[in-house]
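Mapping to numbering that gives the first Met the number 0: the sequence shown position 128 is 127, numbers consecutive.
For glycine and all other residues, C-beta sits at the position ideal for the given N, C-alpha and C.
Quick caveat: nothing in here was measured; it's all calculated off a predicted structure.
Worksheet: the structure to be examined is printed underneath.
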Amino acid sequence: MLPFLRSRTLSQPLSRVCCGVLSALMLLAPAVEAAPKSKTSRTSKAKAKTPPAAPATQPAPSTPEPAPAAESKPAEPKPVEEPHRAALESKPVAEPKPATASKPAAASRATPAARAAPASTPAVPGKLRVGLGGDLFLEGSRMTGEQSINTSRIDESFDYSSLGFLSATAWLNTSVPTVSERLRVGAGLRIFGNYGAGGGRQFGFGLLNEVFVNGEYGLPVADKMEVVFGARAGLSFLVPNREFAAEIRRLQEQGVSVWNVPRVGWLLGPSVGARRRMSDRIWLRADLLGQAEQQYLFATSQEISGLRYTKTWSTLALRLGLTLGAEFAL
0 MLPFLRSRTL SQPLSRVCCG VLSALMLLAP AVEAAPKSKT SRTSKAKAKT
50 PPAAPATQPA PSTPEPAPAA ESKPAEPKPV EEPHRAALES KPVAEPKPAT
100 ASKPAAASRA TPAARAAPAS TPAVPGKLRV GLGGDLFLEG SRMTGEQSIN
150 TSRIDESFDY SSLGFLSATA WLNTSVPTVS ERLRVGAGLR IFGNYGAGGG
200 RQFGFGLLNE VFVNGEYGLP VADKMEVVFG ARAGLSFLVP NREFAAEIRR
250 LQEQGVSVWN VPRVGWLLGP SVGARRRMSD RIWLRADLLG QAEQQYLFAT
300 SQEISGLRYT KTWSTLALRL GLTLGAEFAL
């Protein structure tokens, strides 16, 4: 075969191959260009869908910032944001805590119960009490006295019993919880009135009164009853009257330095009794009292007109009495 014919036959298949390649490239070019565009459109669509979910995760801002990709859909975040705001705004409504409010109520309910507990025990020994009573007493006494002028001595002593048998007593006492709830201490006043000697030797001394301090210990023996052991000590005051006042005036007329002033003495005695609680504020009691009391009437010694004059008088009374009275809680 001739050479130019051989080259012509080879060039025809090559030209066909080149045309096929070019046509394939022309078909693939639009597909390649369309592939990136689809990816970008998908990402843009994903970006456009993400902003509506952002308000659900973040706290609801007062003015949410719109995303650039979401400009085409401004109405989409509103339905999501409004329920979220409503949920957030509804939280302050639920802030009142009934549990905390119920605690004061429980405390207020518990306080009356705590206050009612002492009321269940009406016999409270720590209360301040005032008492009033009448006394029946018997007395065996002696007035010891003498008068001397220089070496001359006159015995003026005599035994006597009390002209009266009644007296009145008032007292005030309270408990001593630091020592014992059953121990009570206080003070009192006893009034004898016009006190005088009876029997074979009538002699009026005057108005006799006593002030004293006392202590007592109550020992329960029954539901509302207790035995009371006590003691008292104090001072007695005698205001001169009747025969004793007349003797003072006689001595003053003779130049003896004596004064018409109350005479002072001392008293001491134990007691035992019973006390019964009648109510929360009232107690009745009865006490048996033994008491010794000494009263100083005269104790003078002086020189009158060259003579040594001495006069001493004192009384010693032993009394046994029964006191019936009542106590009232203040």
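Terminal residues of the continuous beta strand (DSSP E) containing L306?
The residue given as residue 306 occupies position 307 in the sequence shown. The continuous beta strand (DSSP E) containing L306 extends over residues 306-328.
Please report the straight-line C-alpha distance between S313 and Q293, rounded to a whole angstrom.
Taking the first residue of the sequence shown as 1, we reach residue 313 at position 314. Taking the first residue of the sequence shown as 1, we reach residue 293 at position 294. The straight-line gap from Cα to Cα measures roughly 7 Å.
Do G254 and N213 have their beta-carbon atoms positioned less than 8 Å apart in this structure?
In the sequence shown, residue 213 corresponds to position 214, counting from 1. In the sequence shown, residue 254 corresponds to position 255, counting from 1. No. Outside cutoff.
Rounded to a whole number of angstroms, what is the C-alpha to C-alpha distance between L283 and N193?
Translated into positions along the sequence shown, residue 283 becomes position 284. Translated into positions along the sequence shown, residue 193 becomes position 194. In a straight line, the C-alpha of L283 is about 28 Å away from that of N193.
Using only alpha-carbon positions, find the residue among D158, G229, R241 that is nearest to G272.
Here residue 272 refers to the residue found at position 273 of the sequence shown. Ranking the options by Cα distance to G272, first place goes to G229.
Which of the three DSSP states, helix, strand or coil, is assigned to A221?
On the sequence shown, residue 221 is found 222 positions in, with the first residue counted as 1. Judged by DSSP in its simplified three-state form, A221 adopts coil rather than helix or strand.
What does the alpha-carbon distance come out to for the pair S318 and G139?
As a first step, residue 318 is located in the sequence shown; it is residue number 319 there, counting from the start. As a first step, residue 139 is located in the sequence shown; it is residue number 140 there, counting from the start. Strictly speaking, residue 318 in this sequence is Arg, with Ser absent from that position. If I take the Cα positions, the gap works out to 7 Å.
Using a Cβ-Cβ cut-off of 6 Å (strictly less than) and excluding sequence neighbours within five positions of L137, which residues of its own chain qualify?
What you label residue 137 is simply residue 138 of the sequence shown in a count that begins at 1. Apart from sequence neighbours up to five positions away, the residues of its chain that approach L137 with a beta-carbon distance below 6 Å are L319, ordered along the chain.
Can the beta-carbon of L287 be found less than 8 Å from the beta-carbon of L321?
Taking the first residue of the sequence shown as position 1, residue 287 is located at position 288. Taking the first residue of the sequence shown as position 1, residue 321 is located at position 322. Their beta carbons are under 8 Å apart, which means L287 touches L321 by this criterion.
Is it true that the CB of R181 sits closer than 8 Å to the CB of G217?
For the purposes of this step, residue 217 is identified with residue 218 of the sequence shown, where counting begins at 1. For the purposes of this step, residue 181 is identified with residue 182 of the sequence shown, where counting begins at 1. Contact flag set, yes.
Within its chain, find whatever has a CB closer than 7 Å to the CB of V257; leave out the 5 residues flanking it on each side and keep chain order.
Translated into the one-based positions of the sequence shown, residue 257 becomes position 258. Close CB contacts of V257 within its chain, under the 7 Å cut and outside five residues either way in sequence, are with I247, L250, Q251, F297, T299 (chain order).
Just to confirm, is the Cβ distance from N240 to G205 under 8 Å?
Here residue 240 is taken as the residue at index 241 of the sequence shown, counted from 1. Here residue 205 is taken as the residue at index 206 of the sequence shown, counted from 1. For N240 and G205, yes; Cβs fall inside 8 Å.
From this set, F202, S156, V227, which residue's C-alpha is nearest M142's C-alpha?
The sequence position of residue 142 within the sequence shown is 143, counting from 1. Looking only at F202, S156, V227, the smallest Cα-Cα distance to M142 is reached by S156.
CA-CA distance, W170 and L315?
The residue labelled residue 170 in the question sits at position 171 within the sequence shown. The residue labelled residue 315 in the question sits at position 316 within the sequence shown. If you take the alpha carbons of W170 and L315, they lie about 24 Å apart.
Presumed contact (8 Å Cβ cut-off) between L165 and G133, rounded CB distance
By one-based count along the sequence shown, residue 165 stands at place 166. By one-based count along the sequence shown, residue 133 stands at place 134. Rounded, the Cβ-Cβ distance is 7 Å, consistent with contact.
So, for V260: in the same chain, excluding its five sequence neighbours on each side, which residues have a beta-carbon less than 6 Å away from its beta-carbon?
Stepping through the sequence shown from its first residue, residue 260 is reached at position 261. Same-chain partners within the cutoff: there are none.
So within the stretch 199-284, which uninterrupted beta strand (DSSP E) runs reach at least 3 residues, ignoring any that extend past its ends?
Every unbroken stretch of the beta strand (DSSP E) spanning 3 or more residues and falling wholly within the stretch 199-284 is given here in chain order: 202-219, 224-239, 262-276.
Just to check my reading of the structure: E209 and V227 have Cβ atoms closer than 8 Å, yes? What is that Cβ distance to the nearest angstrom?
Numbered from 1 along the sequence shown, position 210 holds the residue referred to as residue 209. Numbered from 1 along the sequence shown, position 228 holds the residue referred to as residue 227. That pair is no contact at about 20 Å.
Consult DSSP for E138 and reduce its assignment to one of helix, strand or coil.
By 1-based counting over the sequence shown, the position of residue 138 is 139. In this structure, E138 counts as strand in the three-state DSSP scheme.
Figure out for me which residue from L207, T173, Q201, S304 has the closest Cα to the Cα of F236.
In the sequence shown, counting from the first residue as 1, residue 236 sits at position 237. Of the listed residues, the one whose Cα sits closest to F236 is L207.
Per-residue DSSP class, three states only, for V184:
In the sequence shown, the residue the question calls residue 184 occupies position 185. Strand at V184.
Suppose the cutoff is 7 Å on Cβ atoms and the five residues either side in sequence are ignored; what does the same chain contact list for P219 look like?
By one-based count along the sequence shown, residue 219 stands at place 220. Answer for P219: E225, listed in chain order.
Alpha carbon to alpha carbon, how far is A325 from Q146?
Start at 1 with the first residue of the sequence shown, and residue 325 comes out as number 326. Start at 1 with the first residue of the sequence shown, and residue 146 comes out as number 147. Between A325 and Q146, the C-alpha separation is close to 46 Å.
Would you call the CB atoms of G332 and L162 closer than 8 Å?
Examination of residue 332 is not possible in this model, given that the chain is present from 0 through 329 alone.
When DSSP builds the beta bridges, which residues end up paired with F157?
Locating residue 157 in the sequence shown gives position 158, counting from the first residue. Answer is M142, bridged to F157.
As assigned by DSSP and simplified to three states, the class of T150
As a first step, residue 150 must be located in the sequence shown, where it is residue number 151. In this structure, T150 counts as coil in the three-state DSSP scheme.
F297 - partner residues in DSSP beta bridges:
Position 298 of the sequence shown, counting from 1, holds the residue named residue 297. Per the DSSP secondary-structure output, F297 pairs in a beta bridge with W312.
Thinking C-beta only, is R307 closer than 8 Å to N149?
The residue labelled residue 149 in the question sits at position 150 within the sequence shown. The residue labelled residue 307 in the question sits at position 308 within the sequence shown. Between N149 and R307, the C-beta gap is smaller than 8 Å, which places the two residues in contact.
How many whole angstroms separate the CB atoms of A291 and G268, which I take to be in contact at a CB cut-off of 8 Å?
For the purposes of this step, residue 291 is taken as residue 292 along the sequence shown, with counting starting at 1. For the purposes of this step, residue 268 is taken as residue 269 along the sequence shown, with counting starting at 1. So it is a contact: roughly 6 Å between Cβ atoms.
T168, DSSP secondary structure in three states:
Along the sequence shown, one-based indexing puts residue 168 at 169. T168 sits in a strand when the DSSP states are folded into three classes.
Other residues of its chain near T311: CB distance less than 7 Å, five sequence neighbours each side excluded:
On the sequence shown, position 312 is the one that residue 311 refers to. Counting only Cβ-Cβ distances below 7 Å, and skipping sequence neighbours, we find G144, E145, F297, A298.
From L127 to A221, what does the alpha carbon distance come to, in whole angstroms?
Walking along the sequence shown from the start, residue 127 turns up at place 128. Walking along the sequence shown from the start, residue 221 turns up at place 222. Straight-line Cα distance between these residues: approximately 23 Å.
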